[in-house]
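Protein sequences appear in the order of chains A and B. So that you can map any letter, position 50 of the first sequence is 636 in the numbering used here, and since no number is skipped, the others follow by simple counting. So that you can map any letter, position 161 of the second sequence is 747 in the numbering used here, and since no number is skipped, the others follow by simple counting. Every residue, glycine too, gets a C-beta built ideally from N, C-alpha and C. None of these values were measured; they are calculated from a predicted model. Taking it in order: structure first as structure tokens, then the write-up.
Protein chains: 2
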Amino acid sequence: MQNNSYTVAVLGAGNIGSAVIARLLELENEIVDINLKKVLVSDISKDRDVDKKLLTDNFSDILDDQSIDLVIEVLGGVDPGKEYIKSLLEGGKAVITANKDIIADCGSELVQLAQENNTCLYFEAAVAAGIPVLKPLIESLRGESLKRVTGIINGTSNYILSSMEEGSSYTDALNTAQDLGYAEPDPTNDVEGVDAKFKAMILSMICFGANPTPENLYTEGISTITKEDFDWANRLNKTIKLVAVIDNENEGFNARVHPVLIDTKHPLAAIRGSLNAVVVEGENINQLVFSGPGAGAAPTASAIIGDVLSACHQLSSDQSNWYPLRSQKFENKEFKNVSSSWFVRLSVKDEPGVLASIAGTFGENNVSIESVIQEGRGDQAELVLVTHEAPEEDLQNSINQISSLDSVASVTSTLRVYS
Amino acid sequence: MQNNSYTVAVLGAGNIGSAVIARLLELENEIVDINLKKVLVSDISKDRDVDKKLLTDNFSDILDDQSIDLVIEVLGGVDPGKEYIKSLLEGGKAVITANKDIIADCGSELVQLAQENNTCLYFEAAVAAGIPVLKPLIESLRGESLKRVTGIINGTSNYILSSMEEGSSYTDALNTAQDLGYAEPDPTNDVEGVDAKFKAMILSMICFGANPTPENLYTEGISTITKEDFDWANRLNKTIKLVAVIDNENEGFNARVHPVLIDTKHPLAAIRGSLNAVVVEGENINQLVFSGPGAGAAPTASAIIGDVLSACHQLSSDQSNWYPLRSQKFENKEFKNVSSSWFVRLSVKDEPGVLASIAGTFGENNVSIESVIQEGRGDQAELVLVTHEAPEEDLQNSINQISSLDSVASVTSTLRVYS
């Protein structure tokens, strides 16, 4: 870092912003000298832990200040951050953001803008907060042809599932998560997989050069998972995790978010509480796992500070920090054509021929059955099946037809099996 | 990467060198254009998979070739690689090496040389081969004050211990490791912790700015671990791993390599076979885990290719790739003052007063006992103790005195407990 002093502005002084400002002010001088010049807030008069002289409510004060080298965006939401970031990059300023919504929305466009303006854009905190995983993917692993990336990238839902693994009901686990501040009062974004979807879009761009839209990235949450599902998982030496799976092999590219039954020996099964993890698979590297804290102000600020150092190092050269983005190798594959093995629980009438009609329906849809267990008798009878791998469409059609069979009271649950 | 073409030489064309050369030749042009110009070998006449026109047995052909931007050293051993790397850096060429011996020997000196000459030095493959962990530690985590770094960084010993966990004897596991090519005919370096020691020296420099010498880095291997130790580990819900532990807190800096009893729920317990893993602990990041393949030509070449891309990106600036190296925060702490909890198995005479005299000896050395189990009767009696944390010196003194008690036939094993 040849030039030892860099002038920085921060957009936003909320929870994350305050943590970042505190870390910036205490950055050891042995690494780099940071001059924090301005902090953009909506209300200057509000009491904060920030020197009042630094505050401004006018973005132009930052955009037009030629002495500012680097701007950290921690406003949250897409607007007005997106336009701010574009203007800053066009003005040649380095930008760091933790904003997954913006990067999911137009990440490749912003990367291109940074490249065109020979400046830096970093967003390590946008996926898996405190885990330094994007930089290794973008830089160290850029030469690897990746096959599949699987992530536990939403801490809230992982906390809830971990509590359920230990015996909690979904409602109790969610309530505790809300009490601890892990879940919002309206938990939809976390428990229905929306947050994970945005992060999966970012990983799709970084790892496979693909840009799935929110609409074509299949997303299913955890709010229908029950204690009984965990009891069954336990009997099968498995647990249940909400994962983003992104793969790109000969049959095509697909990204999706949904809960899976996963073997207890798989590295992701050991990721408990609000931790995150990303598993990266490729021919030469086999399987890499990165895990750590996926949420919270301190880990997020840690990732941002890492980006600040990278930007300061990079700023003295007159090029962008970006290696050429990957380009998509295989066509998009629709989710209906993605194959997986399903775990299916059915509430059935305990009468002769039930299994035959169910197995027949699967067979007509070209789905073969790996194992069947029947439990209970009479009205309480339950049939639990695990299928071999089959395309989503065939599995879905099978289930639709099975649910209308006279002998089937209800389809109690379906879960994809991760392998 | 503004300049799209880089001219490269490789020193060595052995197992790793050949894999690197193959990867260089197939690097996608979309990333960077590599012109492989020379390969240094000791015998030009030997048949190889490399174009004969590229071969040279004269290092000066590479050092003096002004068109060569970047040199990859994969010779192995300290000499002559060390002097070659120095000359290349002094000549302003970027250097990539996978050579842990050289980096352990004089890593900080070489980093300084790279900085002084505004050039690059990368060695991702020197620790944990295919896992991109050094770059995140050097760059993304440079702003973090780290507390402890613990690694399973020798794949051979981890393969042997994993086999023993599944019931193999040490000898059978070692033989299989040798048959599979994981262990050398003389396995000393791997099983006695020497290889892990060198990697621990590199991690000490990167994570804590410390430069322990081979002599003061306590090193103990796995050759005395028995099936019975694993049986006991299993009873205690633990397993046994060979780890490098490097910590730096108020009491001081220490790095060491030895086997530990570790809880089965700890992330390192799940690292099986020849995998490696590095656990990084710090206040803001809590605990990060990086795991993946720790040996083999393909993963090692993968790390080297990652370094090549980083170097090509960096080469167009006129500064070194290095962020300021960390400086050591706390004094060195001698191993005798490092505290840990010990698991101790004793073969004892089954007679009144045995436990009293053993407990008394521990007490005189200020070591308190957490739990005791006595098994068997008569000559077969075995006493198994777990102590509370105490300094190494007090534990060692206790064991020495206990082994000379009349009632103690032998100290069957001692293992540190990781927590």
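Compare the beta carbon distance of residue i and residue j with 9 Å and say whether it is the shorter of the two.
{"i": "Phe876 of chain B", "j": "Val864 of chain B", "result": "yes"}
{"i": "Asp833 of chain B", "j": "Val735 of chain B", "result": "yes"}
{"i": "Asn951 of chain B", "j": "Ala967 of chain B", "result": "no"}
{"i": "Ser1053 of chain B", "j": "Gly779 of chain B", "result": "Because chain B in this structure spans residues 587 to 1005, residue 1053 of chain B falls outside the shown range and cannot be described."}
{"i": "Leu911 of chain B", "j": "Val697 of chain B", "result": "yes"}
{"i": "Leu675 of chain B", "j": "Asp815 of chain B", "result": "no"}
{"i": "Gly662 of chain B", "j": "Pro879 of chain B", "result": "no"}
{"i": "Arg858 of chain B", "j": "Leu803 of chain B", "result": "no"}
{"i": "Asn787 of chain B", "j": "Asn775 of chain B", "result": "Note that residue 787 of chain B is Met in the sequence shown here, rather than Asn. Not in contact: Met787 of chain B and Asn775 of chain B (Cβ atoms no closer than 9 Å)."}
{"i": "Leu699 of chain A", "j": "Lys679 of chain A", "result": "no"}
{"i": "Leu707 of chain A", "j": "Val681 of chain A", "result": "yes"}
{"i": "Ser925 of chain A", "j": "Glu978 of chain A", "result": "yes"}
{"i": "Glu770 of chain A", "j": "Asn840 of chain A", "result": "no"}
{"i": "Lys658 of chain B", "j": "Gly603 of chain B", "result": "As written in the sequence, residue 658 of chain B is Ile, which differs from the Lys given in the question. Closer than 9 Å, so yes."}
Beta-carbon within less than 6 Å of residue i's beta-carbon, same chain only, minus the 5 sequence neighbours each way: which residues are those?
{"i": "Ile688 of chain A", "result": "Val664, Gly667 and Lys668"}
{"i": "Val940 of chain B", "result": "Val934 and Ser993"}
{"i": "Lys785 of chain B", "result": "Lys686, Val713 and Ile739"}
{"i": "Leu622 of chain B", "result": "Val594 and Leu610"}
{"i": "Ala759 of chain A", "result": "Ile746, Ser749 and Met750"}
{"i": "Leu969 of chain B", "result": "Leu932, Val934 and Gln960"}
{"i": "Ser809 of chain A", "result": "Val777"}
{"i": "Asp904 of chain A", "result": "Asn704"}
{"i": "Ala855 of chain B", "result": "Thr825 and Ile848"}
{"i": "Val866 of chain B", "result": "Val735 and Leu874"}
{"i": "Gly600 of chain A", "result": "none"}
Near residue i, what residues of its chain come up, given a Cβ to Cβ distance below 8 Å and the 5 sequence neighbours on each side ignored?
{"i": "Pro718 of chain B", "result": "Glu710, Phe876, Ala889 and Gly892"}
{"i": "Ser957 of chain A", "result": "Leu971 and Val972"}
{"i": "Ala605 of chain A", "result": "Ala883, Ala884, Thr886 and Ala887"}
{"i": "Ser996 of chain B", "result": "Leu932, Ser933 and Ser989"}
{"i": "Ala608 of chain A", "result": "Asp635 and Ala887"}
{"i": "Ile955 of chain A", "result": "Ala945, Phe948, Leu971, Val972, Thr973 and His974"}
Please work out which residues of its chain come closer than 7 Å, Cβ to Cβ, to residue i, disregarding the five sequence neighbours upstream and downstream, and give them in chain order.
{"i": "Thr850 of chain B", "result": "Asn823, Lys824 and Thr825"}
{"i": "Val618 of chain B", "result": "Met587, Asn590, Tyr592, Leu895 and Cys898"}
{"i": "Ser755 of chain A", "result": "Lys813"}
{"i": "Asp647 of chain A", "result": "Lys624"}
{"i": "Leu641 of chain B", "result": "Val625, Val627 and Ile630"}
{"i": "Glu937 of chain A", "result": "Ser993"}
{"i": "Asn870 of chain B", "result": "Glu730"}
{"i": "Ser673 of chain B", "result": "Leu649"}
Taking residue i and residue j to be in contact with their CB atoms under 8 Å, please state how far apart those CB atoms are, rounded to whole angstroms.
{"i": "Asp980 of chain B", "j": "Val1003 of chain B", "result": "Incorrect: roughly 15 Å between the Cβ atoms, too far for contact."}
{"i": "Gly795 of chain A", "j": "Asn918 of chain A", "result": "Contact doesn't hold; Cβ gap of about 12 Å is too wide."}
{"i": "Ile597 of chain B", "j": "Val660 of chain B", "result": "Note on residue identity: the sequence assigns Leu, not Ile, to residue 597 of chain B. Yes, Leu597 of chain B and Val660 of chain B are in contact; Cβ-Cβ is about 7 Å, under 8 Å."}
{"i": "Leu847 of chain B", "j": "Ala830 of chain B", "result": "Not really, about 16 Å apart at Cβ, beyond 8 Å."}
{"i": "Ser927 of chain B", "j": "Ser999 of chain B", "result": "15 Å between Cβ atoms; not a contact."}
{"i": "Lys827 of chain A", "j": "Pro845 of chain A", "result": "7 Å"}
{"i": "Lys721 of chain B", "j": "Pro722 of chain A", "result": "7 Å"}
{"i": "Lys922 of chain B", "j": "Glu835 of chain B", "result": "About 17 Å; that fails the 8 Å criterion."}
Identify which residue in the options has its Cα closest to the Cα of residue i.
{"i": "Ala690 of chain A", "options": "A:Val924, A:Lys783, A:Asn923 and A:Arg963", "result": "A:Lys783"}
{"i": "Ser731 of chain A", "options": "A:Pro773, A:Gly753, A:Cys793 and A:Asp633", "result": "A:Cys793"}
{"i": "Tyr768 of chain B", "options": "B:Thr705, B:Ala881 and B:Ser646", "result": "B:Ala881"}
{"i": "Asn986 of chain B", "options": "B:Ala599, B:Thr757, B:Thr812 and B:Ile944", "result": "B:Ile944"}
{"i": "Ser1010 of chain A", "options": "A:Cys706, A:Gly677, A:Tyr670 and A:Leu720", "result": "The structure shown does not extend to residue 1010 of chain A, since chain A spans only 587 to 1005, so no value can be given for it."}
{"i": "Gly693 of chain B", "options": "B:Ser790, B:Glu752, B:Lys639 and B:Pro722", "result": "B:Ser790"}
{"i": "Thr947 of chain A", "options": "A:His974, A:Asn983 and A:Asn907", "result": "A:Asn983"}
{"i": "Glu806 of chain B", "options": "B:His852, B:Ala763, B:Gly753 and B:Ser743", "result": "B:Ser743"}
{"i": "Glu725 of chain A", "options": "A:Leu991, A:Asp965 and A:Asn907", "result": "A:Asn907"}
{"i": "Phe929 of chain B", "options": "B:Leu766, B:Ile811, B:Ile620 and B:Gly964", "result": "B:Ile811"}
{"i": "Ala942 of chain A", "options": "A:Phe645, A:Tyr909, A:Phe916 and A:Leu991", "result": "A:Leu991"}
{"i": "Asp817 of chain B", "options": "B:Gly868, B:Glu752, B:Pro853 and B:Gln764", "result": "B:Glu752"}
{"i": "Glu702 of chain A", "options": "A:Tyr909, A:His852 and A:Asp965", "result": "A:Tyr909"}
{"i": "Glu616 of chain A", "options": "B:Arg728, B:Asn761, B:Arg821 and B:Gly964", "result": "B:Arg728"}
Subject >> Length-filtered (4 minimum) alpha helix (DSSP H) runs lying within the region 701-767 of chain B >> reply: Counting whole runs of 4 or more residues, the region 701-767 of chain B contains the alpha helix (DSSP H) stretches 741-751 and 756-765.
Original post:
Which runs of the beta strand (DSSP E) fall wholly inside the region 624-700 of chain A and span at least 3 residues, in chain order?
Top reply: You should have 656-659 and 680-683.
Subject >> Whole runs of the beta strand (DSSP E) within the region 850-882 of chain A, excluding any shorter than 3 residues >> reply: Complete beta strand (DSSP E) runs here, min 3: 861-868 and 872-879.
Original post:
In chain order, which alpha helix (DSSP H) runs of at least 4 residues are fully inside the region 910-950 of chain A?
Top reply: 940-950
Subject >> Contact set between the region 692-722 of chain B and chain C, restricted to residues whose Cβ is under 8 Å from the partner >> reply: Chain labels in this structure do not include chain C; the protein chains are A and B.
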